[in-house]
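Novice: If you read the sequences in order, they're chains C and Z. Be aware that the first sequence starts at 12, since it is given in the numbering used here, and climbs by one per residue. Be aware that the second sequence starts at 1454, since it is given in the numbering used here, and climbs by one per residue. The beta carbon of each residue, even a glycine, is placed where N, CA and C say it ideally should be. A quick note: this is a predicted structure, and the numbers were derived from the prediction, not measured. The following block contains the structure, expressed as structure tokens.
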Amino acid sequence: MAESSLSLRLARTWRSFIKPSVCNRCLQTRRTLATQTTASQGQRDADLEESSSLAGPPSAASRANDFDPLRIAKSRKRQLVPSRYQFRSPKYYRGPLHPHQPPPPSDPASREFVPGPFSSPRLEQAYHNIIAPDFMTMCYQHTPPGFRPSQKGPRLRPWLGDSPYFQNRPLRGPRGGDVLRLLRKPITFRNIPMIERVTLHAYVKSALTSGSSFIHVAGMALQAITNQRVVIHEARTNEASWGLIKGKTVSMTTDLKGEDMYHFLGKMINVVLPRIKDWNGVRATTGDNSGNLTFGLDPEAVAAFPEIETNYDAYPGKMIPGLHVTIHTTATCDKDARLLLQQIGIPFYGKVVD
Amino acid sequence: MASALRPVLRPTHLPSLPTSTTTTTYICQSCRHARLLRRPKRPYTFTQLVTLSDGSAFTLRTTSPVPVYRSTRDTRNSPLWNPSSKELLNVEDDEAGRLAGFRARFGTGFDTAKDGKKEVDTESNNASSVPASSTATRSKSLEEPKFEDEQNTFEEDDMNLLDLISSFGQENAQQDSQTSEPKKGGKK
């Protein structure tokens, strides 16, 4: 070992003796004080460019002919490093002025990208093929040609009177209350109500008194049912009568949209709701007057979901939560929303209030 | 808004499209520090075939790895969803009249009030057989009065009272056939 390294070192020193430290070409271009005079007298300076900068760049056609990426790629001896051809989204968003910007979440290269949809749910197909045309037909209201609906007054009333304080005052609210209800427009092919999203909400009361295990179990149950992670919520205020403590985790929600929503609804309506004992439907008075209906599922009903039922032993029996299911529709009144949900298969009972 | 009747080539909602509700992390607008872009957590989903009780089937994306789910109770055999179907209604078919006969003999006022007319008919049919058995039981009871029978006096009175209350509207029908005697004997 020692000998070989010594010989190597010797060879190196020998080479450096033979070869000058400056290459031949460099020697030619190198100017010294001695060469300067001859250069100024005889040949032109090599540093000076032949063409003037005023002539402009070479034409686009010639550049296009010269451009040969294949040749460049073939002349490359080694493979490019992955960072040269693979885009990697930055792990952190460093503000709008940073040069390395993350792609939008809809881009598959983005870290926030969620692929899908992977299937077309049965309920969605039923909606587009059966329910929506039926709904439009049922809600059709014929007006003879030349019919003009009676003009209604403005919903926000001006302030009438001589008072100088009425000048530039914001308009008055509608009669009989301050709430400006949504307008119901006649149903046409472009505003047939559809289900927008479904919100599941579980208020886990026992988490306040007996530890966080209730929260964990409820979260796993909800995730199993909905195919989505839950969002947990803390109590915002102290409420002594309910045992609420500000900042404590008490509830969780899941917002379902698109594919997940249709799968959840189809599963719930076809399999779970018929198994509830002594259930005669959703109360017809439910709703918030703008087309969002809510009903509740008790823990027994939640345990009847096929995902929980097949794996029932994994969930401590007393810890399975009850649920509030809110179905948000694009209908602007509860009547339309109820009609839509009835077509989808949710039964209603009781007095109807519109 | 809804474009329900148009074919959905580009769905309005994609799971990857940013929405204010789906972001779990709090986005601070005025923050100067680098914000971590979290990868969304999604549970693994399987495709499951759900077979309803009438044999119709559809696929579902679920978190449960069971490939085929057969339901025994669903919208196809629940009376709430099939109000007009005869099979699902909980009506007993009593062609031979045996249930009615039993009810006529041993039923309380609650049951008899339900179908009084039927009871009358069946009782007249069974009249021959009923007294014999009733007399037999009576003689037995006369031979050896049991402890239970002695204690049951209050309950007997109570039942009679109940019968009296329930048969308030049906007195005429009862008087016509005069068949209250074997019934009481059978009650015991």
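Are there 16 or more other CB atoms within 10 angstroms of the CB of Tyr273/C, so buried, or fewer, so exposed?
Specialist: Buried: at least 16 other Cβ atoms inside 10 Å.
Novice: Of all Cβ atoms in chain Z, is any one closer than 7 Å to the Cβ of Val215/C?
Specialist: Taking Cβ atoms only, chain Z never reaches closer than 7 Å to Val215/C, which makes this a no.
Novice: What is the residue span of the beta strand (DSSP E) that Gln353/C lies within?
Specialist: Taken as a continuous stretch (DSSP letters only), Gln353/C belongs to no beta strand (DSSP E), being part of the alpha helix (DSSP H) at Asp345 to Ile355.
Novice: Please state if the CB of Ala246/C and the CB of Lys259/C are separated by a distance shorter than 7 Å.
Specialist: Yes.
Novice: Span of the alpha helix (DSSP H) holding Val228/C?
Specialist: Run containing Val228/C: Ser224 to Thr237, per the alpha helix (DSSP H) assignment.
Novice: Starting from the C-beta of Gly307/C, find all residues in its chain whose C-beta is less than 6 Å away, skip the five residues before and the five after it, and write them out in chain order.
Specialist: Hits under 6 Å: His335.
Novice: Let me make sure I understand the geometry here. Which of Thr265/C, Val313/C and Val209/C has the alpha-carbon closest to that of Gly302/C?
Specialist: For the residues Thr265/C, Val313/C and Val209/C, the minimum Cα distance to Gly302/C belongs to Val209/C.
Novice: So, do the region 147 to 167 of chain C and the region 195 to 209 of chain C have three or more beta carbon pairs nearer to each other than 8 Å?
Specialist: Result yes; three or more Cβ-Cβ pairs closer than 8 Å.
Novice: When you compare the CB positions of Ile203/C and Ala143/C, do they come within less than 7 Å of one another, or not?
Specialist: Yes.
Novice: So which of Gly222/C, Gly254/C and Thr264/C has the shortest CA-CA distance to Gly230/C?
Specialist: Closest option to Gly230/C, Cα to Cα, is Thr264/C.
Novice: Taking 7 Å as the cut-off, decide whether the C-beta atoms of Tyr1522/Z and Pro317/C are in contact.
Specialist: Yes, the Cβ-Cβ distance between Tyr1522/Z and Pro317/C is below 7 Å.
Novice: CA-CA distance, Thr1528/Z and Pro119/C?
Specialist: The straight-line gap from Cα to Cα measures roughly 40 Å.
Novice: Assuming Gly269/C is part of the beta strand (DSSP E), what are its boundary residues?
Specialist: No beta strand (DSSP E) holds Gly269/C; the alpha helix (DSSP H) holding it covers Gly269 to Lys278.
Novice: Counting beta carbon pairs with one atom in the region 284 to 302 of chain C and one in the region 343 to 354 of chain C, are three or more of them shorter than 8 Å?
Specialist: With a cut-off of 8 Å, the region 284 to 302 of chain C and the region 343 to 354 of chain C count as touching, because enough Cβ pairs lie within range.
Novice: Less than 8 Å between the CB atoms is what I'm expecting for Ile338/C and Leu350/C, so what's the real figure, rounded?
Specialist: No, Ile338/C and Leu350/C are not in contact; Cβ-Cβ is about 13 Å, not under 8 Å.
Novice: Which residues, in chain order, does the region 116 to 133 of chain C contribute to contact with chain Z at a C-beta distance below 9 Å?
Specialist: If the cut-off is 9 Å between Cβ atoms, the region 116 to 133 of chain C has Pro116, Ser117, Asp118, Pro119, Ser121, Arg122, Glu123, Phe124, Val125, Pro126, Gly127, Pro128, Phe129, Ser130, Ser131, Pro132 and Arg133 near chain Z.
Novice: Would you kindly report the start and end of the unbroken alpha helix (DSSP H) that includes Val313/C?
Specialist: Where Val313/C is concerned, the enclosing alpha helix (DSSP H) stretches over Pro310 to Ala314.
Novice: Hey, quick one: how far does the beta strand (DSSP E) through Leu1513/Z stretch, first residue to last?
Specialist: Element bounds for Leu1513/Z: Ala1510 to Thr1515.
Novice: So what does Thr305/C bridge to, in DSSP terms?
Specialist: Partner(s): Thr337/C.
Novice: Show which residues of chain Z have a CB atom less than 8 Å away from the CB atom of His274/C.
Specialist: Simply Leu1513, Arg1514 and Thr1515.
Novice: Determine the DSSP secondary structure at Arg122/C, reduced to helix, strand or coil.
Specialist: Coil, per DSSP.
Novice: Looking at C-beta atoms only, is the number of pairs between the region 273 to 282 of chain C and the region 1504 to 1517 of chain Z that lie closer than 8 Å three or more?
Specialist: The region 273 to 282 of chain C vs the region 1504 to 1517 of chain Z: in contact.
Novice: Along the region 295 to 325 of chain C, where does the CB come closer than 8 Å to a CB of chain Z? Name the residues.
Specialist: Cβ contacts with chain Z: Pro317, Glu318, Thr321 and Asn322.
Novice: Using a Cβ-Cβ cut-off of 6 Å (strictly less than) and excluding sequence neighbours within five positions of Phe225/C, which residues of its own chain qualify?
Specialist: These residues qualify, in order along the chain: Val215, Ser217, Ala218 and Met330.
Novice: Is it buried or exposed, Glu1572/Z, if we count other Cβ atoms within 10 angstroms and call 16 or more buried?
Specialist: Because the pLDDT of Glu1572/Z is 44, which lies under 50, any placement of that residue in the model is unreliable, and the question is left without a value.
Novice: Answer yes or no: does any C-beta atom of chain Z fall closer than 7 Å to that of Asn76/C?
Specialist: For Asn76/C, the answer is no, since every Cβ of chain Z falls outside 7 Å of its Cβ.
Novice: Return helix, strand or coil for Arg111/C, following the three-state DSSP convention.
Specialist: Checking the sequence, you will find His at residue 111/C rather than Arg. His111/C: coil per DSSP, three-state reduction.
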